[in-house]
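Structure record follows, encoded as structure tokens.
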């Protein structure tokens, strides 16, 4: 249960007649008063609580009980912890603004992709990301794989006469799923032309029925696709690039015996609900189901259990017995073979030792089958790998990643040096007696070598760690310690002792362990298990418009760092800024020792919060606008390391560098451009300008569209701008008043000036020309991430142009971008470049510009791991200076 849910549940005990303070709740829940106060104020904003009084402030619940947000997906993960990261990915995709992110599920036959897709749908409903009456449509592309026309027509619909036999109009699955989710199983059976039609829908939200050529149809559908094949060879790369969220469901073997036992229990309980009769299952039957070869994964396991129950039920009816019983001698031969599984025999008998009774009872509500108790995620390897994956996905640098991993490892080992009591006897049921025995040997040897005492907490953590280590080695996975060199330097004695202890583990389990593992063991032996944590000196507060924008960014960052550093305050569009400001002041007033504050805001009136807060608080406050999750992460990371306000501010403000150029823009088959004309009503002058520009400008077959907007309705304007930004690119705005949007702006006078109109036309032509270059050059490159390379280089060229020669034409910019892209591709392949003519004269003439290009080229060299020759620096400078080389 989340912290805010615990606070909400406790708050239901208090009414207006008997309210409670934040301090009283903090004492009851053993949570810091600041966190309790923050969550209570959040509940007030949500309408679930009210507060009265001033000092102290009292709170009480306005609802009988806050709805627990735990849902069917979370329940499923409790029973299938190996799918934790799959579930986290699915949640992120569903919650991704504005309408979620399309998903591609991969995995072997029978791993449960269809079931997982249904769980995703249920989660979307509980989070109100879909309407209650929205559809979940399932379609298996393999059913019509031999008839491509019928397959494509089933998805997109058919126009009468589209092909022989199409004698009537048919509605497609996209239309039926509008507003909901369409699950396309075996998506690799969809022909290439069908995939192309589908990614057109992904890009633009439009599609045509098979046979339609003129009209376009619109739908809002979240696609969940599934395949058992290698996506790199079975699907068009242009298609899979449009589905950024790819979730791989592990097979049954990789999910472990403990999880398999939970699945077996769940499937038997499901059958008791169907049969409305208890089922007794022998111990050896459970052991056989744990050990037998199950090539078709979870699907086969479920089907085999259903078959066993069906046969037993038939015998139960025929002989009118009291209960349904399943014994091992009734098992099919291939399942009974599981009793003789030599590889997992010890582990199976640890899970199911000899019992007082031969049978386990299953009914709808409970079972007598012993299930391993749920444990926290103690696998340091998985924690590190997941953090690395998360940080790579959001584009962190190597230095930033290293510092966060360092913090992650530190927090992990700190958790085993508290005074919380642990049950070592209970641990044996989880990891087995062999692991316990080895862990005790390691602790005893380390205690002798280092003359230290290792607590039960450390022994507990070490045993769990060894269990994960042995499992990892058996699966052939590598062990990598990102802090190995640091540990050697800071803890040489502990590292040496850990190296001696490795031989114990290697002998007991007949494995080979790298010295990286000694680094992990050494941290268990250190006196306090971690470096002294610096106290944060800066309070990081995120404020943004929207229902959950700020809190979502703060939550993502806090999860990455493993600490509660950033605090988010959301400001709904219909909420007055003063209300949000008051909430922030109330939060800061709860601090006993108020630190300096860094405000991270998105736009508008929020920028002025700094001045207002400084009037009422005795603290230094600085503000950064136009923030992203990366800004929040950098600020929180620096604050967690104990840096001062000015250092945190400067570091966060400079989060540009490569991220400015390396924008992860979606590939688009066609682009959509917008020119906005603005006035107070959206009519009048805006419509006049629109009509005039429509006659003057070449809108390139309506690729560019002129849109008239009303600027007095701020909420409508902001929403419209957001929608247009998702569907295309706003290249400029025109009107008496300038919006907050950062694209180029022209006045009405400019629009009447032919020279300025030519500038607007140049903006259109630039986008079209760049798109043509991007489309045509991609297939000529060998660089792996060619689309992102081209987009990044465009940003790089435009940035340097403003510094060296802002007046160069769009044709030169496009030509230069093409030149730089090809140069990088050539250098990555080890090819040489041409010598530059007239070197000395050119260098004397453009020394300043050459120095600027050389400085900015360092960015490309660092990111793409190349060395740009001086001749290429001269060629790039020649482009910027429009210098002829003839």
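Numbering (this note's numbering), first residue to last: 7 to 892. All residues carry an ideal CB built from backbone N, CA and C; glycine is no exception.
Item                                                                                                                   : Value
Exposure of residue 812, with buried meaning 16 or more beta-carbon neighbours within 10 Å                             : exposed
Collapsed DSSP secondary structure at residue 167 in the structure displayed                                           : coil
Helix, strand or coil at residue 549 [DSSP, three-state]                                                               : strand
C-alpha gap between residue 717 and residue 681, whole angstroms                                                       : 15 angstroms
First through last residue of the alpha helix (DSSP H) which encompasses residue 300                                   : Per DSSP, residue 300 belongs to no alpha helix (DSSP H) and is neither H nor E.
First and last residue of the uninterrupted alpha helix (DSSP H) at residue 505                                        : 498-515
Residue 686, DSSP secondary structure in three states                                                                  : coil
Segment limits, beta strand (DSSP E) that includes residue 591                                                         : Run containing residue 591: none in the beta strand (DSSP E); it sits in the alpha helix (DSSP H), 583-595.
Whole beta strand (DSSP E) elements within the stretch 26-77, 3-residue minimum                                        : 55-58, 64-67
Rounded distance between the beta-carbons of residue 30 and residue 66, thought under 8 angstroms                      : That pair is no contact at about 12 angstroms.
Residue 161 beta carbon less than 9 angstroms from that of residue 200                                                 : yes
Cβ-Cβ separation, residue 252 to residue 258 (assumed contact under 8 angstroms), whole Å                              : That belief does not hold up - the Cβ atoms of residue 258 and residue 252 are roughly 21 angstroms apart, past 8 angstroms.
Whole-number beta carbon distance between residue 57 and residue 50, since they are thought to touch under 8 angstroms : 6 angstroms
Own chain, CB closer than 6 angstroms to residue 93, minus 5 neighbours either side, in chain order                    : 79, 83
Nearest neighbour of residue 581, chosen from 114, 109, 346, 721 [CA to CA]                                            : 721
Same chain only: Cβ atoms within 6 angstroms of residue 559, ignoring 5 sequence neighbours per side                   : 548, 635, 638
Buried or exposed (CB count within 10 angstroms, at least 16 for buried), residue 138                                  : exposed
Residue 308 versus residue 149: straight-line alpha-carbon distance, rounded                                           : 23 angstroms
Through-space distance from residue 817 to residue 118, alpha-carbon basis                                             : 52 angstroms
Neighbourhood of residue 366 by C-beta, 6 angstroms cutoff - its chain only, sequence neighbours within 5 removed      : 287, 374, 375
Unbroken stretches of the alpha helix (DSSP H), 4 residues or longer, contained in the stretch 86-149                  : 90-101, 119-132
Residues near residue 9 in its chain [Cβ-Cβ closer than 8 angstroms; skip 5 each side]                                 : 37, 41, 45
Rounded C-alpha distance that separates residue 830 from residue 870                                                   : 8 angstroms
For residue 621, the three-state DSSP class (helix, strand or coil)                                                    : helix
Backbone secondary structure at residue 637 - three-state DSSP                                                         : helix
Per-residue DSSP class, three states only, for residue 215                                                             : coil
Buried or exposed (CB count within 10 angstroms, at least 16 for buried), residue 663                                  : With a pLDDT of 38 at residue 663, under the threshold of 50, the predicted position of this residue should be treated as unreliable, though the coordinate-derived value follows. Exposed is the call here.
Residues near residue 294 in its chain [Cβ-Cβ closer than 8 angstroms; skip 5 each side]                               : 334, 337, 341, 342, 343, 344, 345
Residue 577 versus residue 607 - alpha carbon distance                                                                 : 11 angstroms
Residue 164 versus residue 182: straight-line alpha-carbon distance, rounded                                           : 13 angstroms
Rounded Cβ spacing between residue 887 and residue 824 (contact assumed at less than 8 angstroms)                      : Residue 887 to residue 824, Cβ: 18 angstroms. No contact.
Own chain, CB closer than 7 angstroms to residue 468, minus 5 neighbours either side, in chain order                   : 445, 448, 449, 530
Residue 603 - DSSP class collapsed to helix/strand/coil                                                                : strand
Host alpha helix (DSSP H) of residue 771 (start-end)                                                                   : 760-783
Status (buried if at least 16 other CB within 10 Å, exposed otherwise) for residue 282                                 : exposed
For residue 794, the nearest candidate out of 248, 133, 698 (CA to CA)                                                 : 248
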